[in-house]
Amino acid sequence: MNIFRLAGDMSHVFSILVLLLRLRVAKNAQGISVRTHELFLIVFLTRYLDLFTTFYSLYNSIMKILYIVSTASIIYTIKFQEPIKSTYDKSQDSFLYWQFAVAPCAVLASVTHLIGSGISGFSFIELLWTFSIYLESIAILPQLIVLQRYREVENLTGNYIFFMGAYRFLYILNWIYRANFEAHYQHHWVVYICGVLQTLLYVDFFYYYFKSKKSGGRFTLPT
Amino acid sequence: NPVFGDHDEL
Numbered sequence: 029m030n031i032f033r034l035a036g037d038m039s040h041v042f043s044i045l046v047l048l049l050r051l052r053v054a055k056n057a058q059g060i061s062v063r064t065h066e067l068f069l070i071v072f073l074t075r076y077l078d079l080f081t082t083f084y085s086l087y088n089s090i091m092k093i094l095y096i097v098s099t100a101s102i103i104y105t106i107k108f109q110e111p112i113k114s115t116y117d118k119s120q121d122s123f124l125y126w127q128f129a130v131a132p133c134a135v136l137a138s139v140t141h142l143i144g145s146g147i148s149g150f151s152f153i154e155l156l157w158t159f160s161i162y163l164e165s166i167a168i169l170p171q172l173i174v175l176q177r178y179r180e181v182e183n184l185t186g187n188y189i190f191f192m193g194a195y196r197f198l199y200i201l202n203w204i205y206r207a208n209f210e211a212h213y214q215h216h217w218v219v220y221i222c223g224v225l226q227t228l229l230y231v232d233f234f235y236y237y238f239k240s241k242k243s244g245g246r247f248t249l250p251t
Numbered sequence: 174n175p176v177f178g179d180h181d182e183l
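What follows is the structure, given as structure tokens:
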């Protein structure tokens, strides 16, 4: 554990809390993509199956459970809790996630897992873990698309997406730190590539986020 | 043994 990794994890937790708070304070789901969180729930459920097989640390287990429970809670709040439920506009959140996210990531994960491990080293848990890495890298896409449609970004919504992006950016710093200071550190290229891709998807958002913070004005995206 | 990554990371 290093400071970047811890800051990344905390940033992730913080973003989820900010979103839950935002839903409860504003009592609406305008500009929020439930599909992004459904993708994240799939990511966490497929990645954290090792909760049942391996114990790493109390910190590790608690965070995994926290991510799963809080993400499920976001989905539940938006889809089932009134009055928020009736403010959620399904037609704006229409990203075809099975076709464009889940299926391609499943194919890609199967190919890389077979190349990396071979038939003899095949492990279903490892395969799902690899799948989750791919899926996470693009899980924010539905949210970015919804944002683009609403264009005006509410303060807390902007903050939640910012901390979501900061999380993966801090993980990149964590990998750089580990590669330099850890003995026997192994490079993991699939994780690096997906982590960088995930961070790059936020670059445009970061740009307008900081611009609006600097000017103190309203946060709007260009057409 | 994990092939692609450190499973201790979240």
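Protein chains in written order, with our numbering: chain A, 29 to 251; chain B, 174 to 183. Using N, Cα and C, we set each Cβ at its ideal position, and we do this for glycine too.
Look at Phe17 of chain A and Cys133 of chain A and say whether their C-beta atoms are less than 8 Å apart.
Missing from the structure shown is residue 17 of chain A; chain A here goes from 29 to 251 and no further.
Run the CB neighbour count on Val139 of chain A, radius 10 Å, all protein chains shown included, and call it buried at 16 or more, exposed below.
Start at 1 with the first residue of the first sequence, and residue 139 of chain A comes out as number 111. Exposed is the call here.
Opposite Thr248 of chain A in the DSSP bridges: which residues?
Within the first sequence, the letter at position 220 stands for residue 248 of chain A. A:Glu180, per the DSSP bridge assignment.
Relative to chain B, which residues along the segment 81 to 93 of chain A have a C-beta separation below 9 Å, given in chain order?
Thr82, Tyr84, Ser85, Asn88, Met91 and Lys92
Identify, in the order they occur along the chain, each residue of the same chain with its Cβ nearer than 6 Å to the Cβ of Tyr76 of chain A, setting aside the five sequence neighbours on each side.
The residue you call residue 76 of chain A lines up with position 48 of the first sequence. The answer, listed in chain order, is Lys92.
I'd like to know whether the C-beta of Ile96 of chain A is nearer than 8 Å to at least one C-beta of chain B.
Locating residue 96 of chain A in the first sequence gives position 68, where the first residue counts as 1. With 8 Å as the cut-off, Ile96 of chain A does not count as an interface residue toward chain B.
Please identify the residue among A:Gln58, A:Asn183 and A:Leu51 whose C-alpha is closest to the C-alpha of Tyr104 of chain A.
Indexing the first sequence from 1 puts residue 104 of chain A at position 76. Among A:Gln58, A:Asn183 and A:Leu51, the Cα nearest to that of Tyr104 of chain A is on A:Leu51.
Whose Cβ in chain B lies nearer than 9 Å to the Cβ of Trp157 of chain A?
Along the first sequence, one-based indexing puts residue 157 of chain A at 129. Here the neighbours are Pro175, Phe177, Gly178 and His180.
With DSSP collapsed to three states, give me the class of Ser39 of chain A.
In the first sequence, the residue the question calls residue 39 of chain A occupies position 11. Helix, per DSSP.
Can you say whether Trp217 of chain A is buried or exposed, counting buried as having 16 or more other CB atoms within 10 angstroms of its CB?
Position 189 of the first sequence holds residue 217 of chain A. That one is exposed.
Is there a Cβ from chain B that is less than 8 Å from the Cβ of His310 of chain A?
What the structure shows of chain A is the stretch from 29 to 251, and residue 310 of chain A is not part of that stretch, so it cannot be assessed.
Could you tell me the alpha carbon to alpha carbon distance between Leu156 of chain A and Phe191 of chain A, rounded to whole angstroms?
Within the first sequence, residue 156 of chain A is the residue found at index 128, counting from 1. Within the first sequence, residue 191 of chain A is the residue found at index 163, counting from 1. Roughly 26 Å between the two C-alpha positions.
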